[in-house]
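Visitor: Quick one: the structure is below, questions incoming.
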Amino acid sequence: MTTITLPTVVRSPDWVRHLRARPTTVLASLVVVVALVAAFAPGVLTPHSPTTIHLQQTLRSPSWHHLFGTDEAGRDLFTRVVYGTRESLGIGVGATAIAMAIAIVFGFTAGLVGGIVDSLITRLLEVLFSFPALLLALLVVAVRGPSLETELIAVGVGSAPGYARMVRGQVLNVREAPYVEAASALGHRRRTVIRRHLFPNAFRPLVAVMTLGVGQSIVWASSLSFLGFGVPPPSPEWGALLDAGRDFITTSWWLEILPGLVIVLLAIAVTSLGRTLQHKLEGAAR
Amino acid sequence: MTTSTAIEPGPETLDARPALLTVENLRVSFGDAEVVKGISFTARPGGCLAIVGETGSGKSVTARTLVGLTGRGSHVSADRIDLAGVDLRRASGREWRSIRGREVGFVLQDALVSLDQLRRVGDEVAEPLRLHGWGNRRSRAERVVELLDAVGVPEPEVKARQRPYELSGGLRQRALIASAIALDPKLVVADEPTTALDVTVQAQVLDLLAASKERGTSIILISHDLSVVARLADQVAVMRAGEIVEFGSAHQVLHDPKHAYTQALLDAIPSEHTRGTRLAPPADGVSDVPRVRKIDRDRPVLRARNLVKVFQGPDKIDRTVVNDVSFDLFAGETLGIVGESGSGKTTTARIALALTEATSGDVLLHEKPWSSISAAARRTVRKQIGVIYQDPLSSFDPRWPVGRILADSLRTGSRPPSSKTEAQERAVRLLEQVGLTREHLTTAPLRLSGGQRQRVAIARALAPEPGIIVCDEPVSALDVSVQAQVLDLLTDLQDELGVSYLFISHDLGVIHHMSDRILVMKDGRLVEQGDAEAVFAAPAHPYTQRLLTALPRLAQA
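Read top to bottom, the protein sequences are chains A and B. Here the first sequence is numbered in the working numbering, starting from 1 and rising by one per residue. Here the second sequence is numbered in the working numbering, starting from 1 and rising by one per residue.
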């Protein structure tokens, strides 16, 4: 069925019009694009090096030459923020992917198998859910010791229970949908129905939730680093920048405020895009 | 689009009493789209004006205008909207609040969503009394019981303390009417007040509105159903695409319509008179020949024997929803199952499809075990029995365009297409068979109209070339003219392909039009069965008799 595609030609002008009507979405997309450039080609955005130490230029306040000022070792803070994007964004995306993977395994098993398996998984999720996510994450760090991978896994595991409950709910929802029954009434095998109808339809709304999750994961990863349980120095990961700047907060405000603002900005942008996506998908479903 | 649509009431409708409500040149638009295009009408005390039309005719928007609830983004203009000498065109939100409930009562279609689930029925009915400062808490409570009693709610003191979801649909609708007439408004606007109700309950609700009319209330009844209108209305306005195309006394409009659209609407109503004829005007090239049915009474294609289904409710009490139901469906025949909501007809259909397992009893497909064999063994014979649902949209995977839906269904048949090209060609043939075209292959079902969606559902059911199709309320969600086309299509396909239909409907007119034989179900039991003509002409069971008396008929107008 190669010929069967939605008439995108008719829909794309619609799309453009929507974007024009939603300046927030345009702004958010812009922020995300800049973040992606920073992650993959940081050199484009800044001429400096993130690790070169200039001891005669320590703790300079923001200026034309150093947009975000410099830190206690004279490194350009803007450059460090730019170079830190890859790790922060990577942790955000990676941790969400890990969380989703865990959630899909548990959520689909619970929703599809049902019965005692469902009860057990649901209880387990409820127990995990009753811990604050950050505490779960700290538990993982305590076991493995701080590193980049640990931070990924920690944030992923911390946020997985919430997603798993959502996945299970979706599966239960779609399982009862008339089109799933209609497929059985046509004589399809159960596994065909699961593969072709249940999985994609249960997964669809989660795409938006995942995007929302990326913003959240970035904040959580930064929180972990700030607490000293994240990526060890001299990494320019954003939470680590905040942690390092903590000692100078009374004299050099920019070390805390500016990276903090960048975290907030990216989290808001990603979340806003997630919401737009969510509305679009919900609109398309009904 | 201009003033030509303002049809003056004919001489026979002139009344000595002054009009209670006068509307002249009413226009309502949403953005660029004008949905009501300059209509005029009047309503008199003790009279009922019915506004009839199909989906998108603007009838509900008109009703909402009369209570100031056209909603966000609407623009209303009119030369005149006078209610008992008050100009409603300039009414502020606050003035509307004092008018609604006191001057104009509003009855909506679905009482379940119109009543707040978390509040007691009595409080909901008392709401207009409270808002308009009527009496005190105690006197209001007494008045509520009086009102509920007046609208025929049994045990009104008990029901007033219950919550809406604890009441049946009919009782909820009555509570809603009680709240609309609580302050004895001069005008009651009822928007499809009986559409969600069973026929016997519908009759009771219509009687209730008629009693209110007798007491001098003016009623504006909005409905898509001409036979409902026949029971209550004195005057009828027929709306199409925002205009009134015909206006006159109920008798004239329903029996001697002047406008072709009204005539088409009347012709489209299935009933005992329409059996064996087309409901919609035939398409080009199709002659309206009388049907020749080829029913093979020796060969049951589907045989149900002593079906029983017991469900356990959340309260652990067993409920027998299907109780000892047996029937045969013969080749080329339409067997109608009629019954009100909760009669067990859909469960029976699901057991016939082997989608629900019967507690006892079994189903034979072509004289071979069907319900008793394993699901895997059933899969190989499933292609022999298809299904069409009431809501086609929800029965399609929301991600799939029409072509993929049909190709998928073709693959389950006994002659699966060998290539994508063949699948596509056969999908196109199916679409043409149900009156759609190649262009619809790439369309998402969401973008189709209700009638087109049901056509796709029919095409999907036909794709594996089944001998039997179970139709579960296939036209209940459709406008009468679309319903007519879909019923005609089903009949044509039966003549052409010789399929048997197990046809489930709550609508006696539809059942009578379609069925060769009928089963009447009540509370899970088969109370009557026989040839459709015989059952309708001389119903033996008291319940069937009650159903038939309750059925609104045009002839009574």
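The beta-carbon is built from N, C-alpha and C at its ideal position, and this holds for glycine as well.
If you check the beta carbons only, do B/Leu69 and B/Ile220 fall under 7 Å apart?
Guide: In this structure, B/Ile220 does not lie closer than 7 Å to B/Leu69 by Cβ.
Visitor: Can you say whether A/Asp76 is buried or exposed, counting buried as having 16 or more other CB atoms within 10 angstroms of its CB?
Guide: So A/Asp76 ends up on the buried side.
Visitor: Are the beta-carbon atoms of A/Val167 and A/Leu136 separated by less than 7 Å?
Guide: No, the pair does not count as a contact, with Cβ atoms beyond the cut-off.
Visitor: Which ranges does the alpha helix (DSSP H) cover as unbroken runs of at least 4 residues, wholly within the region 315-386 of chain B, from first to last along the chain?
Guide: Listed in chain order, they are 345-352 and 375-379.
Visitor: Does at least one heavy atom of the ligand ZN sit under 6 Å from the Cβ of A/Ile153?
Guide: The model depicted lacks the ligand ZN and carries no ligand whatsoever.
Visitor: On the DSSP bridge list, what partners appear for B/Glu243?
Guide: Bridge partners of B/Glu243: B/Arg240.
Visitor: Contact between the region 382-401 of chain B and the region 456-476 of chain B is defined here as three or more beta-carbon pairs at a separation below 8 Å; is this criterion met?
Guide: Contact holds: three or more Cβ-Cβ distances are below 8 Å.
Visitor: Which residue's Cα is closest to the Cα of B/Gly248: B/Gln235, B/His255 and B/Gln452?
Guide: B/Gly248 has its Cα closest to that of B/Gln235, out of B/Gln235, B/His255 and B/Gln452.
Visitor: Within 10 angstroms of the Cβ of A/His65, are there 16 or more other Cβ atoms? Answer buried if so, exposed if not.
Guide: Exposed, by the Cβ-count rule.
Visitor: Determine the burial state of A/Thr2: buried for a count of at least 16 other Cβ atoms within 10 Å of its Cβ, exposed for fewer.
Guide: Interpretation of A/Thr2 is limited by its pLDDT of 46, a score under 50 that renders its predicted location unreliable; the figure taken from the coordinates is listed afterwards. By the neighbour-count rule (16 or more Cβ atoms within 10 Å), A/Thr2 is not buried but exposed.
Visitor: Round the Cβ separation of B/Ser92 and B/Pro128 to the nearest angstrom and send it over; I've been treating them as touching at under 8 Å.
Guide: Contact flag wrong, Cβ pair sits at about 19 Å.
Visitor: Would you kindly work out how many angstroms separate the C-alpha atoms of B/Val535 and B/Asp516, rounded to a whole number?
Guide: If you take the alpha carbons of B/Val535 and B/Asp516, they lie about 11 Å apart.
Visitor: What residue does the beta strand (DSSP E) around A/Ala164 start on, and which one ends it?
Guide: Run containing A/Ala164: none in the beta strand (DSSP E); it sits in the alpha helix (DSSP H), Leu148 to Arg175.
Visitor: Compute the Euclidean distance between the alpha carbons of B/Arg297 and B/Ile468, then round it to the nearest angstrom.
Guide: Each residue's alpha carbon lies about 15 Å from the other.
Visitor: Under 7 Å between C-beta atoms, does A/Leu281 make it to chain B?
Guide: No, A/Leu281 does not count as interfacial toward chain B.
Visitor: Which value, in whole angstroms, describes the spacing of the CA atoms of B/Leu183 and B/Val199?
Guide: For B/Leu183 and B/Val199, the distance between alpha carbons rounds to 28 Å.
Visitor: When you compare the CB of B/Ser341 with every CB in chain A, is at least one pair closer than 7 Å?
Guide: Taking Cβ atoms only, chain A never reaches closer than 7 Å to B/Ser341, which makes this a no.
Visitor: Assuming A/Ala38 and A/Thr85 make a contact with CB atoms under 8 Å, what is their CB distance in whole Å?
Guide: Right, their Cβ atoms sit about 4 Å apart.
Visitor: Determine, using beta carbons only, whether A/Pro42 and A/Tyr83 come nearer to each other than 7 Å.
Guide: Their beta carbons are under 7 Å apart, which means A/Pro42 touches A/Tyr83 by this criterion.
Visitor: For B/Ser636, count the other beta carbons within 10 Å of its own beta carbon; 16 or more makes it buried, fewer makes it exposed. Which is it?
Guide: The question about residue 636 of chain B has no answer, for chain B in this structure spans 1 to 557.
Visitor: Applying a beta-carbon distance threshold of less than 9 Å, which residues of chain A neighbour B/Asp397?
Guide: Ordered by position in chain A, the residues that pass the 9 Å Cβ test against B/Asp397 are Ala177, Tyr179, Val180, Ala182, Ala183, Arg196, His197, Pro200 and Asn201.
Visitor: In the DSSP assignment, what residue or residues form a beta bridge with B/Arg517?
Guide: Answer is B/Leu335 and B/Asp531, bridged to B/Arg517.
Visitor: Can you find a C-beta in chain B that's less than 7 Å from the C-beta of A/Leu186?
Guide: True, the Cβ-Cβ gap to chain B drops below 7 Å.
Visitor: Should the region 267-276 of chain B be regarded as contacting the region 501-515 of chain B, the criterion being three or more beta carbon pairs within less than 8 Å?
Guide: Verdict: yes, contact present.
Visitor: In the structure shown, what three-state DSSP assignment does B/Arg27 receive?
Guide: Looking at B/Arg27 - three-state DSSP - the assignment turns out to be strand.
Visitor: Which of the three DSSP states is assigned to B/Ser449 in this structure?
Guide: Reduced to three states, the DSSP call for B/Ser449 is coil.
Visitor: State the DSSP-derived secondary structure class of A/Arg275, mapped to helix, strand or coil.
Guide: A/Arg275 falls in the helix class under three-state DSSP.
Visitor: Would you say B/Ser371 reaches chain A, if we count a Cβ-Cβ gap shorter than 7 Å as a contact?
Guide: Closer than 7 Å: no.
Visitor: Following the continuous alpha helix (DSSP H) through A/Ser119, name the residue where it begins and the one where it ends.
Guide: Taken as a continuous stretch (DSSP letters only), the alpha helix (DSSP H) holding A/Ser119 covers Gly115 to Phe129.
Visitor: If we count the other Cβ atoms within 10 Å of its Cβ and call it buried at 16 or more, is A/Asn201 buried or exposed?
Guide: Under this definition A/Asn201 is a buried residue.
Visitor: For B/Met239, which residues of its own chain have a beta-carbon under 8 Å away from its beta-carbon, when the five flanking residues on both sides are left out?
Guide: Excluding sequence neighbours, B/Met239 sits near Ile39, Ile51, Val52, Gly53, Ser57, Gly58, Lys59, Thr62 and Val245.
Visitor: Using 7 Å as the threshold, is the C-beta distance between B/Val321 and B/Gly339 below it?
Guide: No, these two residues do not count as a Cβ contact at 7 Å.
Visitor: For A/Arg144, which residues in chain B fall below 9 Å Cβ to Cβ?
Guide: Those within 9 Å of A/Arg144 in chain B number zero; the least Cβ separation is about 40 Å.
Visitor: Taking CB distances under 7 Å as the criterion, tell me whether B/Thr412 reaches chain A.
Guide: Answer yes: the Cβ-Cβ gap between B/Thr412 and chain A drops below 7 Å somewhere.
Visitor: On the three-state DSSP scale, how would you describe B/Asp82?
Guide: It is a strand residue.
Visitor: Taking B/Leu406 and B/Ala463 to be in contact with their CB atoms under 8 Å, please state how far apart those CB atoms are, rounded to whole angstroms.
Guide: B/Leu406 to B/Ala463, Cβ: 6 Å. Contact.
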